[in-house]
Amino acid sequence: MSGNGTTGELYLDAASTEPVSRTVIEAMMPFLTEAYANPLSVHQPGKTAARALDAARASLAADLGARPDDVIFTSGGTESDNLAVKGIGMARMRMLRDKYGESVKPRIIVSAIEHPAVLQSAAWMERWFGVEVVRIPVDEQAHIDTEALERALAQGDIDDGERESAGHGSVLTPTNRTLLVSVMLANNEVGTIEPVDGIARIAHAHGVPVHVDAVQAAGQIPIRMRDWDVDALSISGHKFGTPKGLGALLLRGRTPVEPVLSGGGQERGLRSGTQNVAGAVALAIALHESNERMAGQYRALAESRDRLMDAVLRVEPRAQVTGDPERRLPGHASFVFPGLAGEALLVDLDARGIACSSGSACALGRHEVPATLLAMGFTQPVAKSALRMTFRTPLTPEQINRVAAAVEESCHSLTHTSAAPL
Ligand code: PLP
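Each residue of the sequence shown is one higher than the one before, counting from 8 in my numbering.
Written out as C-alpha cells, the structure reads:
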C-alpha cells in the first residue's frame, strides 16, 4: 500500500487487485530464467520443473484444506468459475440425459449475488443448452437464503427413494435435475461471509455438487475445502499477491466435469496448455504468505476495519454500512451514501488521495449499479452510492483519520454541488 502516512495516495482497493510481493517475485525468478523447462518434458530440466509444480500443488492444497490431486492450475478466477459452472454443468447434464432422456429440464442454482464469471457462465448454459438458472435470494445483509435453497433443491428432486439410498455419493448418479449449486464464500461488494459448509450439506442431501467461488476469501480467511465437503473451489492469485492471470480450481476427483479447454491433456486432462511453473510457484508462495500474515494480524485488521466504519459513520450521518457488520472479511469496509452519486464520490476521494471503489471491481470502466446491493433490497439510486474500502494490513489511526476527513469533505462538497446529489 502506498501513502501509508498522511500524504501520498492511500490504496484502499485491495479486493480489486494487490501488488506482487518481493518474496513472490524472487521465488518465481529461477523458473523464468534457469529452470524454465516444460514440466512434461522427460529430460532432467523438465523433471526439475515438474518437481517444482508438484511442490506448488502440494503447498496450495495444504493451505486450502484440499489434496494435491484436487488442484487444477488456471489463468485466474474467471477461468476457474467458467470451468466449474460449464464443466460440471455439462458433465452432469450428460449423466442426467443418459438416465432420464430429454424429459427433465436441467437447472443450475446460483445465489443472486454471484460474480459475473459465475452468473454469465450459468447464462451461457441457459443460452446453449436450455438450462434453467435459479437465483437464490439474499437478505439485507447479503446472507444467502438457505431455506429458499432447500426449497429450490427439493423442487428438483426426481426420484426420492433412490436419492435417499444413494445418499452423498449420488453426485455421480443424478437424482435431482440440478446440475450444480454455485455460491461464493465472501462477497466482493459487501464482504459478507457465507456458510458454505451448511450449503454443501443441504445440496449433498439432494445429491447435487457444490462449487464455491472463494476468490475474495482466499488469503483473507481460513479455507478448509474438504472439511467443508465442498466439491469445487475457485481462487485467483492477484487477490493475494501474485501477478495477474493466475488461479486454480480445486476439484475433488469424484466430481464429474467436462474440460472447457481441449488440447494436450495437462492438469488431469481438465485444463490443457503448457503449465506455468513460475505462476504455480507464485500462487503457492503468495497464498502461504497471505495465510501466515492473516493468522498474525486478523484481529488488528478487523479492529481497524471497525474503527474505519465507525469513523465514516461519525463524519457522514447519511452513510450506512452494507453487508454483515461482523461476519465479513477482516479488511473490507463498505457503505452506501443515500443522496449522493457513488461515482462522483469515488472521483472526488481519488482527487483527495484516497483510492477506493464501488465494489463491482470487475466491471471496470463502466460504473454499473452494484448488483449485490440491488439483490439486498437497496433501491437503484442508493445502490449507486456504494463505496468499498479494502486493505490487507491494519490501517493506522492516522490513516483512518485521513480517510474520514476526506469522506467528510467529499460528501460536503458534493452535497453543495448542484450536479452531484441525486
Ligand atoms: N469471483 C469473484 C468473487 C471476484 O471478485 C473476481 C474478481 O474480482 C473474480 C471471480 C474474477 O477473478 P479474476 O480477476 O482472477 O478473473
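Note that CB positions come from ideal geometry on N, CA and C, so glycine has one too. In this text the structure is predicted, and so the values were computed from the model without any measurement.
Where does the unbroken beta strand (DSSP E) through residue 110 begin, and where does it stop?
Position 103 of the sequence shown, counting from 1, holds the residue named residue 110. That residue, residue 110, is in no beta strand (DSSP E); it is neither H nor E in DSSP.
Between the CA atoms of residue 299 and residue 353 - distance to the nearest angstrom
In the sequence shown, the residue the question calls residue 353 occupies position 346. In the sequence shown, the residue the question calls residue 299 occupies position 292. Residue 353 and residue 299: Cα-Cα distance of roughly 32 Å.
The ligand PLP and residue 220: does the residue's C-beta get closer than 7 Å to at least one heavy atom of that ligand?
Sequence index remark: in the sequence shown, residue 220 carries index 213 (1-based). Checking the Cβ of residue 220 against the ligand PLP gives yes.
Strictly by DSSP, which residues pair up with residue 255?
Within the sequence shown, the letter at position 248 stands for residue 255. For residue 255, which the question treats as bridged, DSSP gives the partners 80, 242.
Measure the Cβ-Cβ separation of residue 183 and residue 128 and say whether it is below 8 Å.
Counting from one through the sequence shown, the residue named residue 183 turns up at place 176. Counting from one through the sequence shown, the residue named residue 128 turns up at place 121. Going by C-beta atoms, residue 183 is not nearer than 8 Å to residue 128.
Three-pair Cβ contact test at 8 Å for the stretch 50 to 59 versus the stretch 87 to 101
no
What's the gap between the Cα of residue 398 and the Cα of residue 107?
What you label residue 398 is simply residue 391 of the sequence shown in a count that begins at 1. What you label residue 107 is simply residue 100 of the sequence shown in a count that begins at 1. Going by the C-alpha atoms only, they are around 50 Å apart.
Which of helix, strand or coil does DSSP assign to residue 56?
By 1-based counting over the sequence shown, the position of residue 56 is 49. Helix at residue 56.
For residue 368, which residues from the same chain have a beta carbon less than 7 Å from its beta carbon, with the 5 sequence-adjacent residues on both sides left out?
Along the sequence shown, one-based indexing puts residue 368 at 361. Residue confidence for residue 368 is low, a pLDDT of 49 falling below 50, so the modelled location carries little weight and cannot support an answer.
With respect to 7 Å, is the separation between the Cβ of residue 85 and the closest non-hydrogen atom of the ligand PLP below this value?
Mapped onto the sequence shown, residue 85 falls at position 78. Yes, Cβ of residue 85 sits closer than 7 Å to a heavy atom of the ligand PLP.
Any idea what DSSP makes of residue 174, helix, strand or coil?
Against the sequence shown, residue 174 aligns to sequence position 167. Any reading at residue 174 is ruled out, since the residue's pLDDT is 48, under 50, leaving its predicted position unreliable.
Alpha carbon to alpha carbon, how far is residue 391 from residue 45?
As a first step, residue 391 must be located in the sequence shown, where it is residue number 384. As a first step, residue 45 must be located in the sequence shown, where it is residue number 38. About 48 Å.
With burial defined as no fewer than 16 other Cβ atoms inside 10 Å of the residue's Cβ, what is the status of residue 386: buried or exposed?
Counting from one through the sequence shown, the residue named residue 386 turns up at place 379. The residue in question, residue 386, is exposed, as its Cβ has fewer than 16 Cβ neighbours within 10 Å.
First and last residue of the uninterrupted beta strand (DSSP E) at residue 186
Numbered from 1 along the sequence shown, position 179 holds the residue referred to as residue 186. Where residue 186 is concerned, the enclosing beta strand (DSSP E) stretches over 185 to 191.
If you follow the beta strand (DSSP E) that residue 395 is part of, which residue opens it and which one closes it?
Within the sequence shown, the letter at position 388 stands for residue 395. Taken as a continuous stretch (DSSP letters only), the beta strand (DSSP E) holding residue 395 covers 393 to 397.
Mark residue 234 as exposed unless 16 or more other C-beta atoms lie within 10 angstroms of its C-beta, in which case mark it buried.
Along the sequence shown, one-based indexing puts residue 234 at 227. So residue 234 ends up on the exposed side.
Return yes when the C-beta of residue 254 is under 7 Å from any heavy atom of the ligand PLP, and no when it is not.
Locating residue 254 in the sequence shown gives position 247, where the first residue counts as 1. Flag set: Cβ of residue 254 near the ligand PLP.
Please work out which residues of its chain come closer than 7 Å, Cβ to Cβ, to residue 255, disregarding the five sequence neighbours upstream and downstream, and give them in chain order.
Taking the sequence shown and counting its residues from 1, the one referred to as residue 255 is at position 248. The answer, listed in chain order, is 67, 78, 79, 80, 81, 87, 242, 290.
Straight-line gap, residue 205 to residue 154 (C-alpha atoms, nearest Å):
What you label residue 205 is simply residue 198 of the sequence shown in a count that begins at 1. What you label residue 154 is simply residue 147 of the sequence shown in a count that begins at 1. Rounded to whole angstroms, residue 205 to residue 154 spans 11 Å at the Cα level.
Could you tell me if the beta carbon of residue 245 falls within a distance shorter than 7 Å of some heavy atom in the ligand PLP?
Working through the sequence shown from its first residue, we reach residue 245 at position 238. Yes, the ligand PLP has a heavy atom inside 7 Å of this Cβ.
Looking at the secondary structure, which residues open and close the beta strand (DSSP E) in which residue 142 lies?
Position 135 of the sequence shown, counting from 1, holds the residue named residue 142. Taken as a continuous stretch (DSSP letters only), the beta strand (DSSP E) holding residue 142 covers 139 to 143.
Residue 393 versus residue 186: straight-line alpha-carbon distance, rounded
Translated into the one-based positions of the sequence shown, residue 393 becomes position 386. Translated into the one-based positions of the sequence shown, residue 186 becomes position 179. Answer to the nearest angstrom: the Cα atoms are 34 Å apart.
Based on DSSP bridge pairs, tell me the residues matched to residue 200.
Numbered from its first residue, the sequence shown carries residue 200 at position 193. DSSP lists 193 as partners of residue 200.
At a cut-off of 7 Å, would you count residue 124 as near the ligand PLP, judging by its Cβ distance to the nearest heavy atom?
Numbered from its first residue, the sequence shown carries residue 124 at position 117. Yes; taking the cut-off as 7 Å, the Cβ of residue 124 has a heavy atom of the ligand PLP nearer than that.
Is the beta carbon of residue 100 sitting closer than 8 Å to the one on residue 113?
Along the sequence shown, one-based indexing puts residue 100 at 93. Along the sequence shown, one-based indexing puts residue 113 at 106. Cβ atoms of residue 100 and residue 113: closer than 8 Å.
Just verifying my parser: in three-state terms, what is the DSSP assignment at residue 152?
Residue 152 sits at position 145 when you count from the first residue of the sequence shown. It is coil, neither helix nor strand.
Buried/exposed call for residue 40, threshold 16 Cβ in 10 Å
Position 33 of the sequence shown, counted from the first residue, corresponds to residue 40. Exposed, since its Cβ has fewer than 16 Cβ neighbours within 10 Å.
Is residue 244 buried or exposed, if buried means 16 or more other CB atoms sit within 10 Å of its CB?
Along the sequence shown, one-based indexing puts residue 244 at 237. By the neighbour-count rule (16 or more Cβ atoms within 10 Å), residue 244 is buried.
Which class does residue 120 belong to by DSSP, given the choice of helix, strand or coil?
Residue numbering aside, residue 120 sits at position 113 when the sequence shown is read from its first letter. DSSP places residue 120 in coil when its eight states are reduced to three.
Of the residues 265, 382, 222, 319, the one placed nearest residue 279, counting alpha carbons only:
Counting from 1 along the sequence shown, the entry for residue 279 is found at position 272. Taking only the C-alpha atoms, the option nearest residue 279 is 265.
To which residues does DSSP link residue 17 through a beta bridge?
Indexing the sequence shown from 1 puts residue 17 at position 10. According to DSSP, residue 17 bridges with 361.
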